[in-house]
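Residue numbers (UniProt numbering): 1 to 609. Built from N, CA and C at the ideal position, the CB exists for glycine as well. No experiment lies behind these values; they were computed from the predicted model shown.
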């Protein structure tokens with residue numbers, strides 16, 4: 001293990017279908033060290049790589065010193081100092097991983113937390129019982145010893161097995177069962193191994209204490225919170241792969257079966273599975289994006305599929321902000337035709353503006369505006385252009401069929417320098433009263449105390465009205481505004497009986513109980529309104545007496561406009577001879593086109609910068 005790493009560069013044409021394995025890893029270690037601090041030999045030269053890259057190569061090196069392993073590793077195979085070469089390689093990245101014999105996912109070294117597998121209800125998990133049947137190297141069922149480059153000892157001291165190894169061993173056991181059952185029928189949630197795993201994760205989640213829970217639970221937590229899950233690039237590296245293996249030191253399991261388990265959990269509405277979904281940690285967003293990306297090629301409307309994937313990947317990380325876009329191009333062959341080719345010579349703002357411009361022209365809708373602006377202002381960045389690495393100021397319900405501008409197409413022009421968007425629409429109303437000032441410092445995450453205060457202010461705004469313009473009761477307008485008129489089953493409009501859940505939620509909200517007691521009671525309510533209320537869109541009142549769920553950055557006298565081609569109304573701020581874009585909003589009573597004119601001649605031009 002300690003001998004120097006020796007590599008050689010070899011040139012192949014992808015069209016020749018060479019045999020090689022592509023490595024998927026993060027440059028940084030789990031501690032965040034991404035410095036080029038490790039040296040390896042590349043031919044006769046010395047090459048500096050990150051510590052995590054060097055560790056991956058060390059563990060993936062084959063047992064026999066005379067044996068060579070053909071790997072594709074970005075830090076070695078791409079000249080990272082040549083921006084033109086990097087741009088070219090990004091354009092073929094999907095091909096690199098799709099043509100590889102398999103992808104090797106390096107999660108890092110095993111956990112320092114140790115445990116004994118015999119202590120959990122499933123009994124002993126022996127290496128020999130879990131090893132996948134041996135088959136040719138290109139098979140998805142290659143053995144872990146062959147994948148990791150190191151056979152595991154059969155007489156491991158049980159007291160020294162890491163909890164990460166225990167979890168991966170269990171996944172191997174479940175994968176073997178999945179393969180066996182898949183030959184005769186569909187793998188179901190009734191499997192004893194499936195039930196054992198979600199039971200132990202649920203019990204560990206309930207314990208909610210560091211070090212508590214079984215070794216299996218602790219191993220699960222260790223694996224799903226590895227840095228690898230957070231990176232935007234790794235999504236396409238598994239989506240494009242023929243087959244992929246999760247590797248942690250000498251332990252490994254097939255990614256495919258881990259993903260199948262996730263899909264079972266996602267569709268399981270039992271209390272235990274709910275605890276598992278909450279516990280998925282850093283892996284949660286990654287798995288959600290992979291699920292969406294696997295259907296991207298077959299999506300009927302590719303621009304909308306791209307926006308859906310881009311929205312899901314906003315919380316994933318990239319060392320270069322441009323990669324928040326470049327990193328998802330390979331998720332579908334059709335995405336490459338939607339947006340400009342990768343060019344690292346352009347600024348981040350130029351890249352994001354090019355994407356917005358392209359999608360506006362392709363969709364003839366303002367759907368791109370639903371993702372702007374970001375919660376972290378960027379200097380000299382057009383307010384209407386999403387800054388993809390940062391979360392938006394407000395999270396819309398993209399699945400609900402809102403149509404504030406009816407079925408109109410966007411009417412717009414973009415200035416030659418791409419800085420100004422001119423779009424047609426109408427002023428609907430203005431913000432008259434807002435209690436949002438105390439939330440001005442909110443940057444994406446509120447404490448529970450802040451949430452309660454925000455909900456109090458929103459309810460005060462609602463109940464300050466004596467009547468509602470639509471003729472509905474103030475209470476109905478209030479609760480439908482708080483949840484954007486959709487329930488926890490994503491039904492729109494929300495069923496009338498949702499009011500019962502709102503009343504129970506409001507009763508707890510205004511009680512004199514401690515914050516801890518309020519938290520406990522809200523979380524104990526089944527189908528609670530607490531699960532659907534929108535904390536990032538507090539309510540304000542408009543000049544005409546409407547309730548508006550708006551971005552927290554909204555101010556009194558901001559305009560509310562309905563723009564042609566927009567599903568949502570939008571908050572705009574007059575700034576001299578133009579408007580600044582504040583974000584989309586929900587206004588109960590106009591979300592189905594009630595306030596949009598039939599005659600488009602009534603619309604006016606808005607200049608947004």
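- Give the range of the beta strand (DSSP E) segment to which residue 459 is assigned. If you number the chain shown from 1, residue 459 lands on position 459. Careful: residue 459 lies outside any beta strand (DSSP E), inside the alpha helix (DSSP H) at 448–463.
- Does the pairing of the region 470–485 with the region 561–577 give three or more beta-carbon distances under 8 Å? No, the region 470–485 is not in contact with the region 561–577.
- Task: Counting only the same chain and skipping the five closest in sequence on each side, list residues whose C-beta sits under 7 Å from that of residue 508.
- Result: Locating residue 508 in the chain shown gives position 508, where the first residue counts as 1. For residue 508, where only same-chain residues beyond five positions count, the Cβ hits under 7 Å are 518, 521 and 522.
- Beta-carbon spacing of residue 20, residue 70 below 9 Å: Along the chain shown, read from residue 1 onward, the residue named residue 20 stands at position 20. Along the chain shown, read from residue 1 onward, the residue named residue 70 stands at position 70. A contact, by the Cβ cut-off of 9 Å.
- Query: Nearest to residue 308 by alpha carbon, out of 294, 317 and 319?
  - Reply: Taking the first residue of the chain shown as 1, we reach residue 308 at position 308. Checked all of 294, 317 and 319; the closest Cα to residue 308 is 294.
- Item | Cβ-based neighbour list, residue 262, same chain, cut-off 7 Å, excluding 5 preceding and 5 following | Within the chain shown, numbered from 1, the residue matching residue 262 stands at position 262. Beyond the five residues adjoining it in sequence on each side, residue 262 comes within less than 7 Å, by CB distance, of 287 in the same chain, given in chain order.
- Message: Can you look up residue 428 in the DSSP assignment and give me helix, strand or coil?
- Response: Along the chain shown, read from residue 1 onward, the residue named residue 428 stands at position 428. Three-state DSSP puts residue 428 in a strand.
- residue 479 (DSSP reduced to helix, strand or coil): Locating residue 479 in the chain shown gives position 479, counting from the first residue. It is helical.
- Message: Whole angstroms are fine: how far does the CA of residue 548 sit from the CA of residue 440?
- Response: What you label residue 440 is simply residue 440 of the chain shown in a count that begins at 1. What you label residue 548 is simply residue 548 of the chain shown in a count that begins at 1. For residue 440, the predicted model reports a pLDDT of 42, less than 50, meaning its position is unreliable; a value from the coordinates is still stated below. Near 17 Å, if we compare the C-alpha coordinates of residue 548 and residue 440.
- Under the three-state DSSP convention, the category residue 80 falls into: Start at 1 with the first residue of the chain shown, and residue 80 comes out as number 80. Three-state DSSP puts residue 80 in coil, outside helix and strand.
- Message: Considering Cα atoms alone, identify which of 514, 187, 87 and 477 is closest to residue 452.
- Response: Here the question's residue 452 lines up with position 452 in the chain shown. Nearest of 514, 187, 87 and 477 to residue 452, Cα basis: 514.
- Work out the CA separation of residue 248 and residue 3 for me, nearest whole Å. The count along the chain shown starts at 1 and reaches residue 3 at position 3. The count along the chain shown starts at 1 and reaches residue 248 at position 248. Rounded to the nearest angstrom, the two C-alpha atoms are 20 Å apart.
- Counting pairs of beta carbons, one from the region 409–420 and one from the region 535–549, are three or more of them closer than 8 Å? no
- So is residue 15 buried or exposed if we call it buried at 16+ other beta carbons inside 10 Å? On the chain shown, residue 15 is found 15 positions in, with the first residue counted as 1. Its Cβ having fewer than 16 others within 10 Å, residue 15 is exposed.
- Item | Boundaries (first-last residue) of the beta strand (DSSP E) holding residue 251 | Translated into the one-based positions of the chain shown, residue 251 becomes position 251. Segment 251–254, the beta strand (DSSP E) holding residue 251.
- Message: I'd like to know whether the C-beta atoms of residue 401 and residue 492 end up nearer to each other than 9 Å.
- Response: Along the chain shown, read from residue 1 onward, the residue named residue 401 stands at position 401. Along the chain shown, read from residue 1 onward, the residue named residue 492 stands at position 492. Contact flag set, yes.
- Query: For residue 591, does the three-state DSSP call read helix, strand or coil?
  - Reply: Reading the chain shown from its first residue, position 591 is the one you call residue 591. Reduced to three states, the DSSP call for residue 591 is coil.
- Contacts around residue 233, its chain only, beta-carbon distance under 6 Å, and the 5 residues preceding and following it disregarded: As a position in the chain shown, residue 233 is number 233, starting the count at 1. 327, listed in sequence order.
- Three-state secondary structure assigned by DSSP to residue 130: Numbered from 1 along the chain shown, position 130 holds the residue referred to as residue 130. Since pLDDT at residue 130 reaches only 29, below the 50 mark, its modelled position is unreliable, and the value read off the structure follows with that caveat. Three-state result, residue 130: helix.
- Item | Rounded C-alpha distance that separates residue 618 from residue 93 | This structure does not reach residue 618, given that the chain is present from 1 up to 609, and the question cannot be answered.
- Query: Using the rule of at least 16 other Cβ atoms within 10 Å of the residue's Cβ for burial, across every protein chain shown, is residue 604 buried or exposed?
  - Reply: The residue you call residue 604 lines up with position 604 of the chain shown. When all chains shown are included, residue 604 counts as exposed.
- Query: What beta strand (DSSP E) runs, 3 residues minimum, are completely inside the region 515–544?
  - Reply: 539–542
- Task: May I have the straight-line CA-CA distance separating residue 259 from residue 161, to the nearest angstrom?
- Result: The residue given as residue 259 occupies position 259 in the chain shown. The residue given as residue 161 occupies position 161 in the chain shown. Whole-angstrom Cα-Cα distance: 24 Å.
- Query: What are the uninterrupted segments assigned as alpha helix (DSSP H) that are 4 or more residues long and contained completely in the region 169–255, given in chain order?
  - Reply: 192–207, 215–224 and 233–239
- Query: Per DSSP, residue 24 is paired with what?
  - Reply: In the chain shown, counting from the first residue as 1, residue 24 sits at position 24. DSSP, once it has assigned bridges, lists 105 as partnering residue 24.
- Query: From which residue to which residue does the alpha helix (DSSP H) around residue 355 run?
  - Reply: Translated into the one-based positions of the chain shown, residue 355 becomes position 355. Where residue 355 is concerned, the enclosing alpha helix (DSSP H) stretches over 348–363.
- Within the same chain, show all residues whose beta-carbon is closer than 8 Å to that of residue 422, passing over the 5 residues directly before and after it, in chain order. Mapped onto the chain shown, residue 422 falls at position 422. Once the five neighbours on either side are set aside, the close Cβ partners of residue 422 are 412, 413, 414, 415, 605, 606, 607 and 608.
- Message: Out of 52, 600, 588 and 335, which one is the CA nearest neighbour of residue 409?
- Response: Along the chain shown, one-based indexing puts residue 409 at 409. When only C-alpha atoms are compared, the closest one is 600.
- Whose C-beta lies closer than 6 Å to the C-beta of residue 478 among residues of the same chain, with five residues either side of it excluded? Stepping through the chain shown from its first residue, residue 478 is reached at position 478. Within the same chain, residue 478 has close Cβ partners 462.
- Going by Cα to Cα distance, which pick from 381, 374, 366 and 181 is closest to residue 351? Here residue 351 refers to the residue found at position 351 of the chain shown. Residue 351 has its Cα closest to that of 381, out of 381, 374, 366 and 181.
- Item | When 6, 98 and 68 are compared against residue 17, the one with the closest alpha-carbon | Position 17 of the chain shown, counting from 1, holds the residue named residue 17. Among 6, 98 and 68, the Cα nearest to that of residue 17 belongs to 98.
- Task: Determine the contact status of residue 251 and residue 201, defining contact as a CB-CB distance below 9 Å.
- Result: To locate residue 251, count along the chain shown from 1; it is residue 251. To locate residue 201, count along the chain shown from 1; it is residue 201. No.
- Touching by the beta-carbon criterion (3+ pairs, under 8 Å), the region 274–287 and the region 42–60: no
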